[in-house]
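Protein chains in written order, with the working numbering: chain L, 5 to 118; chain X, 90 to 203.
Ideal Cβ placement from N, Cα and C applies to all residues, glycine included.
Here is the structure we will look at.
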Amino acid sequence: AQSVTQLDSQVPVFEEAPVELRCNYSSSVSVYLFWYVQYPNQGLQLLLKYLSGSTLVKGINGFEAEFNKSQTSFHLRKPSVHISDTAEYFCAVRPNNAGNMLTFGGGTRLMVKP
Amino acid sequence: GAGVSQSPRYKVAKRGQDVALRCDPISGHVSLFWYQQALGQGPEFLTYFQNEAQLDKSGLPSDRFFAERPEGSVSTLKIQRTQQEDSAVYLCASSSGGQGSPLHFGNGTRLTVT
Numbered sequence: 005a006q007s008v009t010q011l012d013s014q015v016p017v018f019e020e021a022p023v024e025l026r027c028n029y030s031s032s033v034s035v036y037l038f039w040y041v042q043y044p045n046q047g048l049q050l051l052l053k054y055l056s057g058s059t060l061v062k063g064i065n066g067f068e069a070e071f072n073k074s075q076t077s078f079h080l081r082k083p084s085v086h087i088s089d090t091a092e093y094f095c096a097v098r099p100n101n102a103g104n105m106l107t108f109g110g111g112t113r114l115m116v117k118p
Numbered sequence: 090g091a092g093v094s095q096s097p098r099y100k101v102a103k104r105g106q107d108v109a110l111r112c113d114p115i116s117g118h119v120s121l122f123w124y125q126q127a128l129g130q131g132p133e134f135l136t137y138f139q140n141e142a143q144l145d146k147s148g149l150p151s152d153r154f155f156a157e158r159p160e161g162s163v164s165t166l167k168i169q170r171t172q173q174e175d176s177a178v179y180l181c182a183s184s185s186g187g188q189g190s191p192l193h194f195g196n197g198t199r200l201t202v203t
């Protein structure tokens, strides 16, 4: 079984400041890792994914994430946030040996202030 | 259409009523998932189809919940004798089924049981 922990339920930040949203996971098998963003009253949109290879993954809207196997982390970063980045962000894992089910963390609400 | 389509977008049901929620996946996607998202939480897995076969229904919370995908395309999630604790957003997602292929989510159906 897998589990995902997003330690910060809310992250307030000023516009143009850098931000890091933390994600740690637990799994008995190797996993694929994903970050999704959810805007109000909408479904989830894929930001980026890690399958294999380079541990630094770049996604849409200027976001990037780094996979750290020893720390079982997959933190999301952006060097300079915009007001439009205000949304809920979800980290998710999926076993890479079989099955397709995504397990999500509880989410982090990013609040960008002017 | 280009994305996953869910209907209705909003549903209000009186306690004890039956409801049916529809999902139209992306054309050609073999995998289809249903998730339940309570207010302020991450999505929780309900069930998974590969084509018309329901391969995993371990997340369905009770026998009042039933899902089908008879022709391997459109899926319906049915909830019988709705209870207040069923109030949530129900998300449908589809994927091509390839290893590491991301899930594409619909905008969800917000169910409110009064």
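The beta carbon of Phe71(L) sits no closer than 7 Å to any beta carbon of chain X.
Taking the C-beta atoms as reference points, Thr198(X) is found nearer than 7 Å to Leu110(X). Here Glu141(X) carries a coil assignment [DSSP, helix/strand/coil]. According to the DSSP assignment, Pro16(L) belongs to the beta strand (DSSP E) that extends over Gln14 to Phe18. Straight-line spacing of the CA atoms in Ala127(X) and Lys53(L) works out to 24 Å. Listed in chain order, the positions of the stretch 101-113 of chain L with a beta carbon within less than 9 Å of a beta carbon of chain X are Gly103, Asn104, Met105, Leu106, Thr107, Phe108, Gly109, Gly110, Gly111 and Arg113. Not a single C-beta of chain X is nearer than 7 Å to the C-beta of Gly63(L). Of the residues Ala21(L), Val15(L), Ser7(L) and Glu24(L), the one whose Cα lies closest to the Cα of Tyr36(L) is Ser7(L). Gln49(L) has Val41(L) as its beta-bridge partners, per DSSP. The beta strand (DSSP E) runs of length 3 or more contained entirely in the stretch 61-94 of chain L are, from start to end of the chain, 68-72 and 77-82.
Rounded to whole angstroms, Phe18(L) and Ala69(L) show a C-alpha spacing of 20 Å. Burial state of Glu160(X) is exposed, judged by a 10 Å Cβ sphere holding fewer than 16 other Cβ atoms.
Measuring C-alpha to C-alpha distances from Lys167(X) to each of Asp107(X), Arg98(X) and Asp145(X) identifies Asp107(X) as the nearest. DSSP places Glu160(X) in the coil class of the three-state scheme, outside both helix and strand. The contact set of Phe38(L) on chain X, defined by CB atoms closer than 9 Å, consists of Pro191 and Leu192 in chain order. Here Val178(X) is bridged, per DSSP, to Gln126(X) and Arg199(X).
Each residue's CA atom was taken as its position, placing Tyr40(L) and Phe67(L) some 11 Å apart. Assigned with DSSP and collapsed to three states, Gln172(X) falls in coil, not helix or strand. Only residues of its own chain outside the window of five on either side were considered, and among them Leu114, Met115 and Val116 have a CB closer than 8 Å to the CB of Thr90(L), listed in chain order.
For Phe138(X), no Cβ of chain L is located within less than 7 Å of the residue's own Cβ.
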